[in-house]
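*Asks:* In my numbering, the protein residues as written are 5 to 750.
Starting off with a structure, shown below.
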DNA sequence: GCATCGACTTAGAAATAGGACA
DNA sequence: TGTCCTATTTCTAAGTCGATGC
């Protein structure tokens with residue numbers, strides 16, 4: 005059983021490994037600290053474990069025992085202190101002021117405009133009985149039928165657009181809210197097979213951030229201690245910095261340097277000649293002003309807050325939805341990113357640079373030719389309006405930091421996202437069928453005569469076993485120095501023929517995505533170890549470990565092994581299969597709902613550890629733990645008092661020997677049991693929270709775990725789905741919730 | 001074969017909402 | 001009713017991977 009202990013990296017289901025290295029693979033730790041913890045607490049149960057304890061009772065006793073002796077030692081930090089990786093300490097960021105949009109020539113929500121044309125979900129859609137799969141022929145037939153339906157519908161469109169649209173301007177949301185049963189089951193329909201993403205797309209375009217509002221005259225900027233009025237352009241950029249004064253970013257040299265350089269570009273020549281050093285600038289008055297503003301916002305009356313809320317809701321209704329193929333779908337991010345200072349993660353060479361304001365002439369609109377095109381704000385034009393139904397985005401622009409394209413796309417609850425998500429898990433399930441063959445293949449390849457094949461095989465082993473990311477090459481100097489599997493360098497790996505009583509231990513230590521540190525010591529098979537030794541020969545720290553490999557080569561090979569297979573499918577597969585295995589092992593019919601949920605969270609946590617999903621400990625973590633501890637202490641006192649009372653009652657019963665006193669004993673006994681139970685729950689909660697301190701569950705839940713596993717589990721064990729998925733998550737996974745039976749197997 | 005681009009998914013932090021509690 | 005926490009939502013950076021062009 006998985007005991008109440010710190011989570012360690014799981015051992016995935018590896019038959020070949022287990023028969024060859026049974027004992028060694030027990031220790032697939034996540035870090036030094038986990039290694040230590042494991043030693044202290046025994047290993048996390050793994051998928052192949054032969055030591056599954058059968059009794060839940062035993063488990064609970066052990067749990068209690070462990071809790072009693074819980075090691076209070078502070079956790080060793082995941083991150084190294086050499087500044088190479090992201091410091092996850094949260095700094096405070098002063099929030100931007102919220103302003104009501106004004107007409108500045110930019111797009112802003114316009115009241116009482118012609119309402120968005122909306123055809124209710126299901127208007128034309130013929131509801132079909134629930135089913136999980138449709139066979140191919142049927143699918144094609146259906147899609148064809150739909151296409152002709154579509155054409156018919158499209159013909160009717162213009163009329164509806166003007167008439168019905170107006171009539172239905174505000175009713176849509178209410179209707180949707182009141183009648184959730186009307187939700188469109190896109191998963192019962194056919195997918196497009198021609199590569200197109202939609203047939204009809206209509207939307208209102210993006211919402212621009214409010215224009216810059218100059219500071220009141222009383223708020224001054226000081227240079228060399230002297231007040232100085234800045235030009236509006238320079239002042240705006242200065243406010244970006246002023247707002248971040250409390251943030252750790254402003255202590256970083258690169259950030260300051262980049263900011264100052266870009267700021268000077270916005271200055272008048274006079275300002276430029278005066279302001280030559282950042283350290284002589286004093287933004288504190290501005291900073292205080294924004295802090296006061298944010299405070300004032302918090303102090304707003306209920307009515308004021310309500311008004312803002314209503315206004316936001318109105319904007320959401322108007323701009324937050326589009327019509328795609330006859331269905332009103334929620335847009336994910338319909339607001340244009342406001343200007344500010346770039347917050348790159350880790351040691352990002354561009355942090356602090358000015359992220360410029362996006363104007364309508366920067367924007368490309370994508371919509372149907374025959375839709376009502378979004379209007380550019382008065383006095384402006386879009387860069388382009390195109391009609392590309394081979395893509396899913398509605399709006400795009402090029403950002404000025406990396407020169408990359410940003411998009412406005414649909415919400416995860418939309419058909420277009422959901423279909424893709426579903427497909428992703430189906431690919432992972434196909435991998436399940438092929439994984440043994442693929443593993444056998446790469447094991448064979450470890451012995452290849454060709455170096456490139458050996459490298460490919462060892463890299464794939466890491467991707468499979470450790471759920472590493474592929475690791476594309478990155479532009480040096482343009483982004484933070486992070487790596488994935490294929491881009492690992494010599495400096496990221498150490499080989500230990502023997503370590504902590506284990507043979508062939510590989511120590512991995514590198515900055516991964518978002519500069520999150522990956523640290524792991526893992527015993528590998530001898531052949532892998534020998535290969536790694538070979539790869540390292542005559543190389544320096546900065547050299548690539550896999551110099552004959554890149555993600556393109558790897559993915560091409562994977563494509564040959566299985567249709568649709570890429571490196572990231574392994575992460576999805578291993579995450580989902582781990583969840584399923586863990587849920588099987590941890591769930592017990594003896595458990596009550598909270599205990600079952602705890603098991604679920606543990607299974608989820610096992611995946612998060614596997615995928616190295618870390619988070620900064622919440623700012624209030626220590627405090628909240630302290631509060632919980634206080635509750636526990638109080639409960640303990642209560643328990644000892646109850647025990648005393650029980651003892652006294654027993655003594656009474658012994659002397660009195662009557663029914664009443666016997667009853668009293670029973671009552672007191674029950675009280676003791678009840679309080680014990682409550683205490684245990686609190687302690688479990690504390691452990692759960694402690695275990696979660698630096699682990700983020702959300703990412704895996706949202707992106708890696710086939711929701712059907714969770715839905716099936718909920719159904720099987722009678723756990724309400726709401727306990728596992730919140731509203732947003734239920735919307736995203738509506739397809740899985742609707743189609744999954746309790747016997748679903750990933 | 002490579003560099004670059006474009007589209008899309010995955011990611012943690014920050015902002016905000018809302019519920020528990022005094 | 002206000003305050004404090006936690007949970008949820010929003011935001012946008014940072015990945016993956018296929019297409020394209022030379």
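We put the CB at the ideal spot given by N, CA and C, even for glycine.
Could you give the distance in angstroms between the alpha-carbon of residue 705 and the alpha-carbon of residue 604?
*Replies:* Approximately 11 Å, taken between the alpha carbons.
*Asks:* Is the separation between the beta-carbon of residue 552 and that of residue 190 shorter than 7 Å?
*Replies:* Contact: no.
*Asks:* Taking the alpha helix (DSSP H) that residue 507 belongs to, which residues open and close that run?
*Replies:* Note, residue 507: premise wrong, no alpha helix (DSSP H); beta strand (DSSP E) at 506 to 515.
*Asks:* Give me the Cβ distance between residue 470 and residue 542, rounded to the nearest whole Å; I'm assuming they're in contact under 8 Å.
*Replies:* The pair is not a contact, with the Cβ atoms about 26 Å apart (cut-off 8 Å).
*Asks:* Distance check for residue 735 and residue 406, CA to CA, integer angstroms please.
*Replies:* Distance between the alpha carbons of residue 406 and residue 735: 33 Å.
*Asks:* Among residues of its own chain, excluding the 5 on either side of residue 260, which ones have a beta-carbon nearer than 6 Å to its beta-carbon?
*Replies:* Cβ within range, chain order: 282.
*Asks:* Name the DSSP beta bridge partners of residue 225, please?
*Replies:* In the DSSP output, where bridge partners are listed per residue, residue 225 has 232.
*Asks:* Determine the burial state of residue 631: buried for a count of at least 16 other Cβ atoms within 10 Å of its Cβ, exposed for fewer.
*Replies:* Exposed, since its Cβ has fewer than 16 Cβ neighbours within 10 Å.
*Asks:* Going by C-alpha distance, which of 732, 748 and 685 is nearest residue 715?
*Replies:* Considering only alpha carbons, the answer is 748.
*Asks:* Out of 320, 347 and 333, which has the shortest C-alpha to C-alpha gap to residue 339?
*Replies:* If we check each option's Cα against that of residue 339, 320 comes out closest.
*Asks:* Using the three-state DSSP reduction, which class does residue 400 fall into: helix, strand or coil?
*Replies:* The answer is strand: DSSP assigns residue 400 an E or B state.
*Asks:* Kindly indicate which residue of 566, 568 and 423 has the alpha-carbon position closest to the one of residue 202.
*Replies:* Minimum Cα distance to residue 202 is reached at 423.
*Asks:* Return the CA-CA distance between residue 476 and residue 555, expressed in angstroms with no decimal places.
*Replies:* About 6 Å.
*Asks:* Of the residues 513, 550, 659 and 677, which one's Cα is nearest the Cα of residue 616?
*Replies:* Checking every option, the nearest Cα to that of residue 616 belongs to 513.
*Asks:* Is it true that the CB of residue 336 sits closer than 7 Å to the CB of residue 345?
*Replies:* Cβ distance not < 7 Å, so residue 345 and residue 336 don't count as in contact.
*Asks:* Does residue 481 pass the burial test, meaning 16 or more other C-beta atoms within 10 Å, or should it be called exposed?
*Replies:* Per the 10 Å Cβ criterion, exposed.
*Asks:* With DSSP as the reference, label residue 740 as helix, strand or coil.
*Replies:* Residue 740 falls in the helix class under three-state DSSP.
*Asks:* Report the rounded CA-to-CA distance for residue 177 versus residue 331, giving the unit in angstroms.
*Replies:* At residue 177, the pLDDT of 32 sits below 50, so the modelled position is not reliable; the number obtained from the coordinates is stated separately. Rounded to whole angstroms, residue 177 to residue 331 spans 13 Å at the Cα level.
*Asks:* Note the first and the last residue of the continuous beta strand (DSSP E) segment covering residue 499.
*Replies:* From DSSP, the beta strand (DSSP E) with residue 499 extends over 497 to 503.
*Asks:* With distance defined between alpha-carbon atoms, name the residue in 417, 693, 334 and 713 nearest to residue 627.
*Replies:* Selected option, being the one with the closest Cα: 693.
*Asks:* Quick one: is residue 598 buried, meaning 16 or more other Cβ sit within 10 Å of its Cβ, or exposed?
*Replies:* Exposed, because fewer than 16 other Cβ atoms sit within 10 Å of the Cβ of residue 598.
*Asks:* Excluding the 5 residues preceding and the 5 following residue 200 in the sequence, name in chain order all residues of the same chain whose CB lies nearer than 7 Å to its CB.
*Replies:* Correct list, in chain order: 393 and 394.
*Asks:* Which of helix, strand or coil does DSSP assign to residue 577?
*Replies:* It is helical.
*Asks:* Pick helix, strand or coil for residue 674, following the three-state DSSP scheme.
*Replies:* Residue 674 falls in the helix class under three-state DSSP.
*Asks:* Between the alpha carbons of residue 458 and residue 613, how many angstroms are there, rounded?
*Replies:* Their Cα atoms are separated by approximately 28 Å.
*Asks:* Might you give, ordered along the chain, the residues of its own chain that have their beta carbon closer than 7 Å to the beta carbon of residue 700, omitting 5 neighbours on each side?
*Replies:* Cβ neighbours of residue 700 beyond the five flanking positions: 612, 617, 618 and 619.
*Asks:* For the alpha helix (DSSP H) that contains residue 661, what are its first and last residues?
*Replies:* From DSSP, residue 661 is part of no alpha helix (DSSP H); its letter is neither H nor E.
*Asks:* Got a sec? Which residues, its chain only, sit under 6 Å from residue 181 by beta carbon, not counting five neighbours each side?
*Replies:* Its pLDDT being 35, under 50, residue 181 is placed unreliably in this model, and the coordinates cannot settle the point.
*Asks:* Out of 359, 641 and 186, state which residue places its alpha-carbon closest to the alpha-carbon of residue 270.
*Replies:* Among 359, 641 and 186, the Cα nearest to that of residue 270 belongs to 359.
*Asks:* Can you tell me where the alpha helix (DSSP H) holding residue 557 begins and where it ends?
*Replies:* That run of the alpha helix (DSSP H) goes 555 to 565.
*Asks:* Measuring only the C-alpha atoms, how far is residue 456 from residue 411?
*Replies:* About 37 Å.
*Asks:* Identify, in the order they occur along the chain, each residue of the same chain with its Cβ nearer than 7 Å to the Cβ of residue 720, setting aside the five sequence neighbours on each side.
*Replies:* The answer, listed in chain order, is 746.
*Asks:* Cutting at 7 Å between CB atoms, please list the residues of its own chain near residue 602, excluding the five before and the five after it.
*Replies:* Contacts found: 688 and 692.
*Asks:* Starting from residue 325, trace the alpha helix (DSSP H) both ways and give me its first and last residue.
*Replies:* Segment 325 to 328 is the beta strand (DSSP E) holding residue 325; no alpha helix (DSSP H) there.
*Asks:* What residue does the beta strand (DSSP E) around residue 410 start on, and which one ends it?
*Replies:* Looking at the DSSP string, the run of the beta strand (DSSP E) that includes residue 410 is 409 to 412.
*Asks:* Let me know the secondary structure DSSP gives residue 522 once reduced to three states.
*Replies:* Strand at residue 522.
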